[in-house]
Every structure is written in structure tokens, then in C-alpha cells.
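Here the protein sequences line up with chains R and D, keeping their order.
Note that the first sequence ends on residue 492 in this note's numbering; no numbers are left out.
Note that the second sequence ends on residue 480 in this note's numbering; no numbers are left out.
Even glycine gets a Cβ: it sits at the ideal position worked out from N, Cα and C.
Owing to the predicted nature of the structure, the values given are computational and were not obtained by experimental measurement.
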Amino acid sequence: MLLKRLVFFGGKGGVGKSTLSCAVALRLSQIDKTLLLSVDPAHSLSGILGMPVGNHIKQVKESLFAIELDAQALAEQYAQKVLSALGELLPSVSSGIREYAKYLKSSPTAQETAVLDRLLDYCQEFTYVVVDSAPTGQMLRFFETAHMVEGWYAFLHKVAKERHKVESFMGREDKLIGLIQNRKERLETLLHVLREKALVFAVANEEPLSLQEAKEIRERLRDMRVYMVLNRWHSMECDCIKVPETERPYGLEALEGFRVEEIVEFVLR
Amino acid sequence: MKDILRGFVELHFKRPVEVSYSHIRDLLLLSLFLDYFGLDNPLGVYVLELYPYMIHEFHLWHRSVGLERGGLGFLPCC
Chain R
224 MLLKRLVFFG GKGGVGKSTL SCAVALRLSQ IDKTLLLSVD PAHSLSGILG
274 MPVGNHIKQV KESLFAIELD AQALAEQYAQ KVLSALGELL PSVSSGIREY
324 AKYLKSSPTA QETAVLDRLL DYCQEFTYVV VDSAPTGQML RFFETAHMVE
374 GWYAFLHKVA KERHKVESFM GREDKLIGLI QNRKERLETL LHVLREKALV
424 FAVANEEPLS LQEAKEIRER LRDMRVYMVL NRWHSMECDC IKVPETERPY
474 GLEALEGFRV EEIVEFVLR
Chain D
403 MKDILRGFVE LHFKRPVEVS YSHIRDLLLL SLFLDYFGLD NPLGVYVLEL
453 YPYMIHEFHL WHRSVGLERG GLGFLPCC
């Protein structure tokens, strides 16, 4: 796996997490191949970078790439891909499958699964992945889903293993255990990446509500490395990374002037 | 003669073992098809790809619990 660091920016809406993600990704891209990924349903990368980004990987600079993921479209693709195997087996059900995929795409869990699944692919291709997360609640759910699924798959694997014993005793072939094993291994890789290589920057401003949300992120994600960042810093004293206010940090050139050295240091550490 | 012997072993030794382990099959199918019983299955999307391999077993199963038809719109097994 190419990945060295997976960086998440979270926090209350409007604290500047998208701008920070862009600035940090820009710095990291001077070191190695970097992907800037937005999973916020209200994307703002295009506006900040000063160029259209969209749902496909776009090359922004030599080694900086960006994408604004459409979770709904991803979930639909995921369901289609998975269910098309069923369609090949039984051609008569393909219209039912299309119907089901349409219905699945609005399920939040399906969307998170699809995003997590895609995230793992990107971790194979890029050295640094910077994620501009959705607002706090959704971001926490994202991590919780990953953990919940792990427990559930472990249970399923145990049951499937028992069944496999019975099946082989009866002299029958059993494909299920292999499939569950594959899926389980993929999930384990993802969780390993989240535990070993992920950093979370909880962004806040000098304002009580956003500070409280940033603290909540730190408390809820106990088993991950979470750092508090005070964006648009003026004078407040606190034990966190401080990023001074920059006037209109939009467009690539302006972003380079953004003072994010301290954050980059933590990422490279 | 060999066939008869094999059939005998199958019927008198292997089948009872399989039957005594049927609760495992039931548990597995229940976990995969929770929504079929009107229970919430928020993680059902993760097992979508297993359905093609389970469809035959699902069919036998819903017959064995006394349901004539599967009744899953997207998974018509009978």
C-alpha cells in the first residue's frame, strides 16, 4: 500500500475545514502524490480551489488530485455491481435488481459503505489522502459504522465457519465462507489503516459552540489520534494548533500563503 | 452394492449430523435475511454479494418453514 497518512478534517459547519484541507493537501503534494477528497454532501472544493472538481478524479497540479464524491451515486453503483452477479445467474430478476438498487442508494449505511469501500481503493494509489469530512455527526457515524460492521462480520464469519464444517462433512462445495472471508479481510485492512495511519484534525474557531464540537470529536474518537485546530486564530490561549486568519484564501496561489506548517508537521511526524 | 452402502452411511450417519446442525443454517440465513422478517437490518447492504450463492438455500429454507412462496421482490426464487 502506498499510503503514508490518511488525514481527516472535521468540525462544525463554517469553521474552515474545507479551506484547511485544501491548503494542507497542497503542501503535502509538494512532497508526494496526494488526493484531496470531499465527502461532505455540500461540496466546496471547486469554490476554494478556483476550478471545477466534480465526481471524477481531477488533476489540480502535478501531484495534487481532487475529487468530490457523490455518495448517492456511489451507493447505486456499488449495489448495481454487487447485484449484477445475481442478474447474470438469473436474467429474470434484473429489473427487480434495478429497482432495489434505486431504493438502496438513499440508505445512509449503503452510502457510507460505498464511500469506505472507495476510500480503501484510493489508499492503494496515493501517498497522502486528505479527507474533507461531512459535519461532525455524520463523520462520527462514519467511523462508528466501520467498527460496527467489523463486529457483525466477525459474528457472520463464525457462523459461516460452523456451516462450512457441516457442508464439507456432507461432501458439498461451499463458496460462502470464501466470500465472507474476502469481505472481512478487506474490512480489516480498512480498520487497520484507520487505526495506524489516520489523523483527525478537529477544527474550531474562537467561538464556544465550535470549540465544544471539536472537543466532542476528540472524546468520541478515543482510539484515534485527534488534534484540535484553532482556525482564524487571533489571540485566544489554548492547547491546540493555531492557524492565523488569512484574507480570502481562495485559489491555488492564495492557498499557498495559508499558514498550515504546524498541521503539516503533525502529518509528517 | 457400493452405492447401497454409501446410501446407508448417508442416511443413517451423515443426515442425522446435518439435521442436528440445522440451527446453524437457520442462524446464518436469519442474519442474512433479517429484513425478510420485518426486522431492521442496517448492515444488509454488506451481504448483498452473498445473495446469489444463498438463493437456492433460501428457497429450500422458506419451503421448510412452511412458506409456499419466497415473496422477495428482488430475489424471486420460485
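In the structure shown, Lys407(R) adopts helical secondary structure according to DSSP, grouped into three states. Counting only residues of its own chain and dropping the five nearest sequence neighbours on each side, Leu258(R) has a CB closer than 6 Å to the CB of Phe288, Tyr345, Phe349 and Val352.
Along the segment 379 to 400 of chain R, going in chain order, the ones with a CB nearer than 7 Å to a CB of chain D are Leu379, Val382, Ala383, Glu385, Arg386, Val389, Phe392, Met393, Lys398 and Leu399. At least one CB of chain R lies nearer than 8 Å to the CB of Tyr423(D). With three or more CB-CB distances shorter than 8 Å, the segment 446 to 466 of chain R counts as touching the segment 227 to 246 of chain R. Against chain R, a Cβ distance below 8 Å from Arg427(D) picks out Arg386 and Val389.
Within the DSSP bridge table, the entry for Gln282(R) names Phe288(R) as partners. Against chain D, the beta carbon of Thr336(R) has neighbours under 8 Å at Val447 and Tyr448, listed in chain order. Fewer than three beta-carbon pairs drawn from the segment 256 to 275 of chain R and the segment 393 to 408 of chain R are found closer than 8 Å, and the two stretches are therefore not classed as touching.
Bounds of any beta strand (DSSP E) do not take in Phe439(D), whose DSSP letter is neither H nor E. By the beta-carbon neighbour count (other beta carbons within 10 angstroms, threshold 16), Glu484(R) is exposed.
Listed along chain R are Phe392, Met393 and Gly394, each with a C-beta nearer than 9 Å to that of Lys416(D). When C-alpha distances from Glu470(R) are compared across Glu411(R), Ala296(R), Arg341(R) and Glu479(R), the shortest belongs to Glu479(R). Identification of residues in the segment 428 to 442 of chain D having a C-beta nearer than 7 Å to some C-beta of chain R yields Leu429, Leu430 and Ser433, given in sequence order.
Unbroken beta strand (DSSP E) runs of no fewer than 3 residues, entirely contained in the segment 428 to 477 of chain R, are found at 448 to 456 and 464 to 467, following chain order. Looking from the CA of Ser356(R), the closest CA among Ala294(R), Gly474(R), Met393(R) and Val416(R) belongs to Ala294(R).
Following the DSSP letters along the chain, one finds Thr257(R) in no alpha helix (DSSP H) but inside the beta strand (DSSP E) bounded by residues Thr257 to Ser261. In terms of beta-carbon proximity, Arg418(R) stays away from the interface with chain D, with every pair separated by 8 Å or more. Secondary structure of Arg228(R) (DSSP, three-state): strand. Among the residues of chain D, those whose CB is under 9 Å from the CB of Arg406(R) are Tyr448, Val449, Glu451 and Leu452, following chain order.
For Tyr453(D), the uninterrupted alpha helix (DSSP H) segment begins and ends at Tyr453 to Ser466. Taking one beta carbon from each stretch, the segment 326 to 339 of chain R and the segment 224 to 236 of chain R have fewer than 3 pairs nearer than 8 Å; the two do not touch. In the three-state reduction of the DSSP assignment, Ala248(R) falls in the helix class.
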